[in-house]
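Residue numbers (the working numbering): 12 to 482. One structure is given below, encoded as structure tokens.
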Amino acid sequence: MTNKPNTEETKMEKIVSLTKRRGFVYPSSEIYGGVSGVYDYGHYGILLKENIKNLWLKSMIQMRDDIYGLDSAIFMHAQAWVASGHVDGFNDPQVDCKNCKARFRADHILEDHGINADKMPIEFINEKLDELRKAKKLKCSNCGSTDLTPAKTFSLMVKSNFGSPVDTITDENVMYLRPETCGGIYLEYKNTLDTLHPKLPFGIAQVGKAFRNEIAARQFIFRTREFEQMEMQYFHDPKDTKELYEMWKQIRWNWYIENGIPKEKLRFFKHEKLAHYASEAFDIEYNFGFFGDSFKEVEGIHARGDWDLSQHSKFSGVTLDYYDEETKKRFIPHILETSAGLARMMLMFLDNAYTEDLSGEEPRVYLKLPPNLAPVKVAVFPLLKNKPELVAKAKEIFNFLRQDFMCEFDDNGNIGKRYRRQDEIGTPYCVTVDFDTIEKGAGVTVRDRDTGKQERVKIEELTKYMEGAIT
Ligand code: GAP
Numbered sequence: 012m013t014n015k016p017n018t019e020e021t022k023m024e025k026i027v028s029l030t031k032r033r034g035f036v037y038p039s040s041e042i043y044g045g046v047s048g049v050y051d052y053g054h055y056g057i058l059l060k061e062n063i064k065n066l067w068l069k070s071m072i073q074m075r076d077d078i079y080g081l082d083s084a085i086f087m088h089a090q091a092w093v094a095s096g097h098v099d100g101f102n103d104p105q106v107d108c109k110n111c112k113a114r115f116r117a118d119h120i121l122e123d124h125g126i127n128a129d130k131m132p133i134e135f136i137n138e139k140l141d142e143l144r145k146a147k148k149l150k151c152s153n154c155g156s157t158d159l160t161p162a163k164t165f166s167l168m169v170k171s172n173f174g175s176p177v178d179t180i181t182d183e184n185v186m187y188l189r190p191e192t193c194g195g196i197y198l199e200y201k202n203t204l205d206t207l208h209p210k211l212p213f214g215i216a217q218v219g220k221a222f223r224n225e226i227a228a229r230q231f232i233f234r235t236r237e238f239e240q241m242e243m244q245y246f247h248d249p250k251d252t253k254e255l256y257e258m259w260k261q262i263r264w265n266w267y268i269e270n271g272i273p274k275e276k277l278r279f280f281k282h283e284k285l286a287h288y289a290s291e292a293f294d295i296e297y298n299f300g301f302f303g304d305s306f307k308e309v310e311g312i313h314a315r316g317d318w319d320l321s322q323h324s325k326f327s328g329v330t331l332d333y334y335d336e337e338t339k340k341r342f343i344p345h346i347l348e349t350s351a352g353l354a355r356m357m358l359m360f361l362d363n364a365y366t367e368d369l370s371g372e373e374p375r376v377y378l379k380l381p382p383n384l385a386p387v388k389v390a391v392f393p394l395l396k397n398k399p400e401l402v403a404k405a406k407e408i409f410n411f412l413r414q415d416f417m418c419e420f421d422d423n424g425n426i427g428k429r430y431r432r433q434d435e436i437g438t439p440y441c442v443t444v445d446f447d448t449i450e451k452g453a454g455v456t457v458r459d460r461d462t463g464k465q466e467r468v469k470i471e472e473l474t475k476y477m478e479g480a481i482t
């Protein structure tokens, strides 16, 4: 353990190290040298991710009457991505360093020099890069060389050889791995309408994998080439767009606050440059301490108009309109979208939870996760490993608590080490069986992760105690 204080310069390294050491996140294919921009999630990583996902699904589906779930396939018809504009337009501007071969996003280079080049045409980007070159300000951030290529457009779409022998794949039939999950939602709008008969406004929500050939995927799990999105598309009458957009902005903002993110660490960012189909786009940004105190997007809230359904209707030849029985009008519903990255959200919760307590003799690191998000809710220990009566009682308690909560049994090492391990994975409660439990029927000790304080609780009251504490 390091004695360094929780400075923002070192926090990212500490979180990357903790998540590897404690089995949350591993670099993918590590024994072969790794795959850039791809990560695997270990035991605690999947538990944390599942908890975040379930919270989102609960708020989007369980607690609402107007949103339906979906799990659409990663592979979709080749034409779907032509219709959506991704095949022609889902590009980023790329610059290469001729010396060290590092790749950069040209718009990010310009952003570092205070020039906003988001979604700007390649000609504009190259003009601005030339200005920096002439002023001798254009340098590779990796090796310092000034020998950088002009920007060229680079498709973010990931191709596959799905369904046909490689030599018969053409630009027309190539199957892509979806770059966003909402594409599947648009294609299932009609089936949802025909089978579940919802009235407008209604939404379809799904969580799933998306793939993008990101040029610079170098910020741990913040920007990866394979990632999960949690997206909801809200189909509505265009006359209601303004009101519903404000409603969704508020609902999503509140979700972060309700789940323990302080409002000072959040802000809305309004996009001035909009995608051709969008009429409004806001991001919810979180102030990531480990990126040197900077607000970065965790979720986008977009008004997409009727563009998606119109395009898919045009390209498929299938009518995707809606008949309003009250007004007797047919029209293509407009869409509001909320779109969040699951791993990015996990990183946000980790950043917010990472705490170093330097008040004791030794620094104590703990993840102050809300109990309902913590991967493990309760750890159960016998005070000593070599006392069979303590071990048997602790196992008995572990076995009944695990029916209701994600629990861990641990009898390895001294009790201080066991507390430390649970602190680092964010376990809110540790239950210890000691001699008073056995000899005096004095219940067990329950230790609180955040305060380190212990209280005695009767064994028969433990489940109720935990139910009250873990909401
Ligand atoms: N359907 C709209 C859409 O996909 P986006 O802004 O490209 O919009 C939405 O992505 C969210 O998905 C982002 O706010 C972010 O949380 C997540 N995301 C996007 N690209 C990502 C990547 N390469 N790695 C991890 N998360 C990503």
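Beta carbons: idealized from backbone N, C-alpha and C, even for Gly. What you are looking at is a predicted structure, and each value in this text was computed from that prediction instead of being measured.
Review point. Which residue comes first and which comes last in the alpha helix (DSSP H) that contains Val27?
Key: Note, Val27: alpha helix (DSSP H), 19–32.
Review point. Just to confirm, are Gly53 and Val27 a CB contact at a threshold of 8 Å?
Key: no
Review point. What is the DSSP secondary structure of Ser171, counted as helix, strand or coil?
Key: strand
Practice item. Would you grab the beta carbon distance between Lys379 and Asp459 for me? Rounded to a whole angstrom, and I think it's under 8 Å. Key: Between Lys379 and Asp459 the beta-carbon gap is near 11 Å, outside 8 Å, which marks them as no contact.
Point to revise | Inter-residue spacing [alpha-carbon to alpha-carbon] between Ile72 and Thr157 | key: 52 Å
Point to revise | Classification of His323 by the beta-carbon crowding that lies within 10 angstroms, buried from 16 upward | key: buried
Check your understanding: Whose C-beta lies closer than 6 Å to the C-beta of Phe281 among residues of the same chain, with five residues either side of it excluded?
Key -> The question names Phe, yet the displayed sequence has Lys at residue 281. Result list for Lys281: Phe293, in chain order.
Exercise for review: Report the three-state DSSP secondary structure of Gln433 (helix, strand or coil).
Suggested key: helix
Point to revise | heavy atom of the ligand GAP below 7 Å from Phe238 C-beta | key: yes
Practice item. Confirm, please, whether the CB-CB distance from Asp51 to Gly219 is below 8 Å. Key: no
Review point. Could you give the distance in angstroms between the alpha-carbon of Asp421 and the alpha-carbon of Leu59?
Key: 20 Å
**Study point:** DSSP three-state assignment for Arg413, whether helix, strand or coil
**Key:** Arg413 falls in the coil class under three-state DSSP.
Review point. In the structure shown, what three-state DSSP assignment does Asn14 receive?
Key: Bear in mind that a pLDDT of 42 at Asn14, under 50, signals an unreliable position, so the number given afterwards is only what the model happens to contain. Here Asn14 sits in coil by DSSP.
**Study point:** Residue from Leu395, Gly155, Met168 whose Cα sits closest to the Cα of Asp182
**Key:** Met168
**Study point:** Distance cut-off 7 Å: Ala314 Cβ against heavy atoms of the ligand GAP
**Key:** no
Practice item. Provide the residue(s) that pair with Phe342 in DSSP beta bridges, ordered along the chain. Key: Tyr333
Review point. Say the cut is 7 Å; is the CB of Ala480 nearer than that to a heavy atom of the ligand GAP?
Key: no
Practice item. Please indicate yes or no: does the CB of Arg114 lie closer than 7 Å to some heavy atom of the ligand GAP? Key: With a cut-off of 7 Å, the C-beta of Arg114 is classified as distant from the ligand GAP, since no heavy atom of the ligand falls inside that distance.
Practice item. Have a look at Ile85 and Arg467 and give me their C-alpha separation to the nearest angstrom. Key: 51 Å
Check your understanding: Touch check for the segment 118–137 and the segment 91–107: three-plus C-beta pairs under 8 Å?
Key -> yes
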